[in-house]
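Asks: Structure in structure tokens, see below.
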Amino acid sequence: MTPCQDQDSPPPWADLPPELLGMVFLRLPTRADRARFPAVCRQWGSAAQQESVLPLPSPVPWLVLPDGSAISFPHGETFHLPEGTCYHNSYGEWVLLSREDMTCFLMNPFTKATVVIPNLSSCSPYFDPVETVNDRVVPENEMLGTWMDYIESDDILVVTLIVCSTRLVAAIVAVDECGYVSGTIALCRPGATAWSVSAHEQCRCFSDMVFLQGKLYAIDAYTEDLLVIDIVDGHGEGEPRLSRIKRIIEGAPMSYCQYFQYFYQMPYLLESDGTLLMIRRKIFYTAELVTTRISPFLVAGINEFEVLKLDFGRSRWVEMRCLGADLALFLGRGCSRAACVSPHDLSRDCIFFVDDYIDDYHWKKTTTACGVYDMKDGKIYSPLPMVSWKSGKVPATWLFSQEVAVCIDEF
Numbered sequence: 001m002t003p004c005q006d007q008d009s010p011p012p013w014a015d016l017p018p019e020l021l022g023m024v025f026l027r028l029p030t031r032a033d034r035a036r037f038p039a040v041c042r043q044w045g046s047a048a049q050q051e052s053v054l055p056l057p058s059p060v061p062w063l064v065l066p067d068g069s070a071i072s073f074p075h076g077e078t079f080h081l082p083e084g085t086c087y088h089n090s091y092g093e094w095v096l097l098s099r100e101d102m103t104c105f106l107m108n109p110f111t112k113a114t115v116v117i118p119n120l121s122s123c124s125p126y127f128d129p130v131e132t133v134n135d136r137v138v139p140e141n142e143m144l145g146t147w148m149d150y151i152e153s154d155d156i157l158v159v160t161l162i163v164c165s166t167r168l169v170a171a172i173v174a175v176d177e178c179g180y181v182s183g184t185i186a187l188c189r190p191g192a193t194a195w196s197v198s199a200h201e202q203c204r205c206f207s208d209m210v211f212l213q214g215k216l217y218a219i220d221a222y223t224e225d226l227l228v229i230d231i232v233d234g235h236g237e238g239e240p241r242l243s244r245i246k247r248i249i250e251g252a253p254m255s256y257c258q259y260f261q262y263f264y265q266m267p268y269l270l271e272s273d274g275t276l277l278m279i280r281r282k283i284f285y286t287a288e289l290v291t292t293r294i295s296p297f298l299v300a301g302i303n304e305f306e307v308l309k310l311d312f313g314r315s316r317w318v319e320m321r322c323l324g325a326d327l328a329l330f331l332g333r334g335c336s337r338a339a340c341v342s343p344h345d346l347s348r349d350c351i352f353f354v355d356d357y358i359d360d361y362h363w364k365k366t367t368t369a370c371g372v373y374d375m376k377d378g379k380i381y382s383p384l385p386m387v388s389w390k391s392g393k394v395p396a397t398w399l400f401s402q403e404v405a406v407c408i409d410e411f
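Residue numbers (full-length UniProt numbering): 1 to 411.
Structure, rendered in structure tokens:
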């Protein structure tokens with residue numbers, strides 16, 4: 001209290017203009033801070049009530065590490081998934097886990113809800129042909145075989161997991177042979193004993209998949225062909241299956257010369273407000289010769305990003321120079337998502353990414369982490385420098401929950 005202030009007079013902060021109080025309220029980073037704001041005084045409570053129609057701080061995900069632990073942004077809170085389980089991937093608020101007896105289930109770590117799904121190596125093949133339209137003609141000597149050739153593998157990867165509805169789950173399942181991923185699309189109903197897979201459809205090198213308006217959209221990691229896939233769901237009766245695959249965008253496979261330009265390119269798919277986005281991530285690397293290997297190890301360096309939006313009418317990608325003032329993207333293998341953010345949130349117009357490109361064959365095993373690419377200035381920041389993990393078959397992935405709502409104030 002200043003010397004000239006009367007003891008009974010209201011505190012000076014009570015006289016702040018309502019519009020200024022509203023700006024302060026919108027910049028508070030957590031729900032807890034916003035809940036305490038109205039308790040300061042009557043004027044502050046009135047200002048908070050006026051701003052209550054505006055969106056709360058954006059939901060920022062947790063990062064699930066390969067060892068089954070998870071860490072939150074930006075405060076670094078942690079939790080662990082159940083003991084005796086193996087972590088495979090995530091989708092939204094769900095994580096895919098398996099037990100020692102190889103049974104699999106989805107779990108929401110925040111509500112503890114679980115959904116039983118089939119063992120990754122259990123499949124029920126269907127023999128109905130899958131119609132293909134405008135598909136790429138693959139030379140016979142380059143065909144990867146069908147999933148029946150790989151189903152007995154002990155090292156099945158879940159590249160992408162999608163909970164399409166309460167009665168349908170889709171996944172890209174694959175095996176990694178010397179760094180070359182061969183996979184297919186598997187479907188199941190919660191509680192089923194086996195995944196439904198095509199007995200004849202040739203395996204592909206899918207890198208990501210999105211469920212949009214009742215269809216699956218998948219992208220090839222090497223050609224960047226974009227495929228739209230129709231599903232026979234049967235409204236819960238009978239096994240789901242693929243019925244039609246149509247290539248709607250022909251990508252450009254890397255030429256022989258590009259393999260010597262020392263960068264690795266990875267496409268991601270995600271949906272944003274009914275629009276399909278592809279984010280092309282380019283990872284520059286150096287080659288490290290090792291006497292015990294014929295081929296060198298690759299050591300990752302800087303990253304570059306390109307954001308493209310699908311023009312459905314013309315079946316082509318259109319480049320986006322910015323995401324806008326209310327959007328942030330989170331990239332991860334099979335777990336990418338767009339999140340609406342406040343215009344006052346510094347995470348707007350940013351791409352959060354994790355190092356999910358490491359495999360045992362091509363890339364050197366190093367300690368990896370996550371970063372943020374800010375499209376506003378084209379720079380990369382490290383939001384959580386204390387988070388790191390050893391590379392392996394299962395990458396770190398994002399885990400989303402509406403209950404976890406914070407804003408990222410600084411990188």
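By construction, the Cβ of each residue, glycine as well, lies at the ideal position given by its N, Cα and C atoms.
None of these values were measured; they are calculated from a predicted model.
#1: Give every residue of the same chain whose Cβ lies closer than 6 Å to the Cβ of Val307, excluding the five residues on either side of it in the sequence, and list them in chain order.
#2: Per DSSP, what are the beta-bridge partners of Tyr126 in this structure?
#3: Glu131 bridges to which residues according to DSSP?
#4: Pick out the complete beta strand (DSSP E) segments inside the segment 183–230, 3 residues or longer, and give them in chain order.
#5: From Ala339 to Gly214, what does the alpha carbon distance come to, in whole angstroms?
#6: Return the chain-ordered list of same chain residues with a C-beta closer than 6 Å to the C-beta of Glu271, the five sequence neighbours on each side being excluded.
#7: Beta-carbon separation of Trp311 and Val318 under 8 Å?
#8: Assuming Glu131 and Ser315 make a contact with CB atoms under 8 Å, what is their CB distance in whole Å?
#9: Can you find the residues in the same chain that come closer than 7 Å, C-beta to C-beta, to Asn119, ignoring five residues on each side of it along the sequence?
#10: So, helix, strand or coil for Ser98, using DSSP?
#11: Under a Cβ-count criterion, where at least 16 other Cβ atoms within 10 Å of its own Cβ denotes burial, should Thr166 be classed as buried or exposed?
#12: Please state whether the Cβ-Cβ distance between Leu277 and Cys203 is less than 8 Å.
#13: So the beta strand (DSSP E) Thr78 belongs to, where does it begin and stop?
#14: Please classify Gly68: does DSSP put it in a helix, a strand, or coil?
#15: What are the complete alpha helix (DSSP H) segments, minimum 4 residues, inside the segment 134–167?
#16: At which residues does the beta strand (DSSP E) containing Arg114 begin and terminate?
#17: Please report the straight-line C-alpha distance between Ile302 and Tyr262, rounded to a whole angstrom.
#18: Rounded C-beta distance between Leu323 and Pro240? I'm assuming under 8 Å.
#19: What are the boundary residues of the beta strand (DSSP E) that includes Tyr262?
#20: Less than 8 Å separating the beta-carbons of Ser347 and Val354?
#21: Which of the three DSSP states is assigned to Ser46 in this structure?
#22: Is the beta carbon of Ile297 sitting closer than 8 Å to the one on Lys364?
#23: Determine the contact status of residue 424 and Val159, defining contact as a CB-CB distance below 8 Å.
#24: Any idea which residues DSSP pairs Asp349 with across the strands?
#25: Can the beta-carbon of Leu157 be found closer than 8 Å to that of Ala174?
#26: Would Phe79 be called buried (16 or more neighbouring beta carbons within 10 Å of its own) or exposed?
#27: For Ala300, which residues of its own chain have a beta-carbon under 6 Å away from its beta-carbon, when the five flanking residues on both sides are left out?
#28: Taking the beta strand (DSSP E) that Gln311 falls in, what are its first and last residues?
#29: Please go through the same chain and pick out, in chain order, the residues whose beta-carbon is closer than 6 Å to the beta-carbon of Leu20, but skip the five residues on each side of it.
#30: Sort Cys205, Asp176, Asp149, Asp154 by Cα distance to Val138 and report the nearest one.
#31: Cβ of Phe305 within 8 Å of Cβ of Ile249?
#32: Write down the C-beta distance between Asp208 and Leu269 rounded to the nearest angstrom, noting that I regard them as a contact closer than 8 Å.
#33: How is the beta strand (DSSP E) around residue 429 delimited, first residue to last?
#34: When you compare the CB positions of Pro109 and Leu81, do they come within less than 8 Å of one another, or not?
#35: How big is the Cα-Cα spacing for Ser69 and Val116?
#36: Can you give the Cα-Cα distance for Tyr91 and Glu142, rounded to whole angstroms?
Replies: Result, derived from the coordinates:
#1: On the sequence shown, position 307 is the one that residue 307 refers to. Only Ile279, Met320 meet the Cβ criterion.
#2: If you number the sequence shown from 1, residue 126 lands on position 126. According to DSSP, which records beta bridges pairwise, Tyr126 is partnered with Ser198.
#3: Here residue 131 corresponds to residue number 131 of the sequence shown, with the count starting at 1. According to DSSP, residue pairing for Glu131 in a beta bridge involves Arg244.
#4: For the beta strand (DSSP E) assignment, the uninterrupted runs of no fewer than 3 residues enclosed by the segment 183–230 are, from N- to C-terminal side, 195–198, 206–212, 215–220.
#5: Looking up residue 339 in the sequence shown gives position 339. Looking up residue 214 in the sequence shown gives position 214. About 21 Å.
#6: Residue mapping note: residue 271 aligns to position 271 of the sequence shown, counting from 1. Result list for Glu271: Val210, Leu212, in chain order.
#7: Translated into positions along the sequence shown, residue 311 becomes position 311. Translated into positions along the sequence shown, residue 318 becomes position 318. Contrary to the premise, residue 311 reads as Asp rather than Trp in this sequence. The Cβ atoms of Asp311 and Val318 sit closer than 8 Å to each other.
#8: The residue given as residue 131 occupies position 131 in the sequence shown. The residue given as residue 315 occupies position 315 in the sequence shown. Glu131 to Ser315, Cβ: 18 Å. No contact.
#9: By one-based count along the sequence shown, residue 119 stands at place 119. For Asn119, where only same-chain residues beyond five positions count, the Cβ hits under 7 Å are Met102, Thr103, Cys104.
#10: The count along the sequence shown starts at 1 and reaches residue 98 at position 98. DSSP, reduced to helix, strand and coil, places Ser98 within a strand of the structure shown.
#11: Position 166 of the sequence shown, counting from 1, holds the residue named residue 166. By the Cβ-count criterion, Thr166 is exposed, with fewer than 16 other Cβ atoms from all chains shown falling within 10 Å of its own Cβ.
#12: The residue labelled residue 277 in the question sits at position 277 within the sequence shown. The residue labelled residue 203 in the question sits at position 203 within the sequence shown. Contact: no.
#13: Against the sequence shown, residue 78 aligns to sequence position 78. Where Thr78 is concerned, the enclosing beta strand (DSSP E) stretches over 78–80.
#14: Looking up residue 68 in the sequence shown gives position 68. Reduced to three states, the DSSP call for Gly68 is coil.
#15: Listed in chain order, nothing qualifies, since the segment 134–167 has no complete alpha helix (DSSP H) run of 4 or more residues.
#16: In the sequence shown, the residue the question calls residue 114 occupies position 114. Per the sequence presented here, residue 114 reads as Thr, with Arg not at that position. 114–117 is the extent of the beta strand (DSSP E) around Thr114.
#17: Taking the first residue of the sequence shown as position 1, residue 302 is located at position 302. Taking the first residue of the sequence shown as position 1, residue 262 is located at position 262. Pairing Ile302 with Tyr262, the inter-Cα distance amounts to about 11 Å.
#18: Position 323 of the sequence shown, counting from 1, holds the residue named residue 323. Position 240 of the sequence shown, counting from 1, holds the residue named residue 240. For a cut-off of 8 Å, the C-beta gap from Leu323 to Pro240 is around 34 Å, too long to register as a contact.
#19: As a position in the sequence shown, residue 262 is number 262, starting the count at 1. For Tyr262, there is no enclosing beta strand (DSSP E), as DSSP marks it with neither H nor E.
#20: Here residue 347 corresponds to residue number 347 of the sequence shown, with the count starting at 1. Here residue 354 corresponds to residue number 354 of the sequence shown, with the count starting at 1. Between Ser347 and Val354, the C-beta gap is not smaller than 8 Å, which leaves the two residues out of contact.
#21: For this step, residue 46 is matched to residue 46 along the sequence shown. In the three-state DSSP reduction, Ser46 falls in the helix class (H, G or I).
#22: For the purposes of this step, residue 297 is identified with residue 297 of the sequence shown, where counting begins at 1. For the purposes of this step, residue 364 is identified with residue 364 of the sequence shown, where counting begins at 1. The question names Ile, but residue 297 is Phe in the sequence shown. Going by C-beta atoms, Phe297 is nearer than 8 Å to Lys364.
#23: In the structure as shown, the chain begins at 1 and stops at 411. Residue 424 is therefore absent and cannot be evaluated.
#24: Locating residue 349 in the sequence shown gives position 349, where the first residue counts as 1. Partner(s): none; Asp349 has no beta bridge.
#25: Within the sequence shown, numbered from 1, the residue matching residue 157 stands at position 157. Within the sequence shown, numbered from 1, the residue matching residue 174 stands at position 174. Closer than 8 Å, so yes.
#26: Sequence index remark: in the sequence shown, residue 79 carries index 79 (1-based). Looking at its Cβ environment, which holds fewer than 16 other Cβ atoms inside 10 Å, Phe79 is exposed.
#27: Counting from 1 along the sequence shown, the entry for residue 300 is found at position 300. Same-chain partners within the cutoff: Ile283, Tyr285.
#28: For the purposes of this step, residue 311 is identified with residue 311 of the sequence shown, where counting begins at 1. Looking at the sequence provided, one finds Asp at residue 311 rather than Gln. Following the DSSP letters along the chain, one finds Asp311 inside the beta strand (DSSP E) bounded by residues 297–311.
#29: Numbered from its first residue, the sequence shown carries residue 20 at position 20. Once the five neighbours on either side are set aside, Leu20 has no close Cβ partner at all.
#30: By 1-based counting over the sequence shown, the position of residue 138 is 138. Comparing Cα-Cα distances from Val138 to each of Cys205, Asp176, Asp149, Asp154, the minimum goes to Cys205.
#31: Here residue 305 corresponds to residue number 305 of the sequence shown, with the count starting at 1. Here residue 249 corresponds to residue number 249 of the sequence shown, with the count starting at 1. No; because the gap between Cβ atoms is not below 8 Å, this pair is not in contact.
#32: Translated into the one-based positions of the sequence shown, residue 208 becomes position 208. Translated into the one-based positions of the sequence shown, residue 269 becomes position 269. By a beta-carbon distance limit of 8 Å, Asp208 contacts Leu269. Their separation comes to about 4 Å.
#33: What is shown of the chain runs 1 to 411, which leaves residue 429 out entirely.
#34: Working through the sequence shown from its first residue, we reach residue 109 at position 109. Working through the sequence shown from its first residue, we reach residue 81 at position 81. The Cβ-Cβ distance between Pro109 and Leu81 falls below 8 Å.
#35: Within the sequence shown, residue 69 is the residue found at index 69, counting from 1. Within the sequence shown, residue 116 is the residue found at index 116, counting from 1. Their Cα atoms are separated by approximately 21 Å.
#36: Taking the first residue of the sequence shown as position 1, residue 91 is located at position 91. Taking the first residue of the sequence shown as position 1, residue 142 is located at position 142. So the alpha carbons of these two residues sit roughly 32 Å apart.
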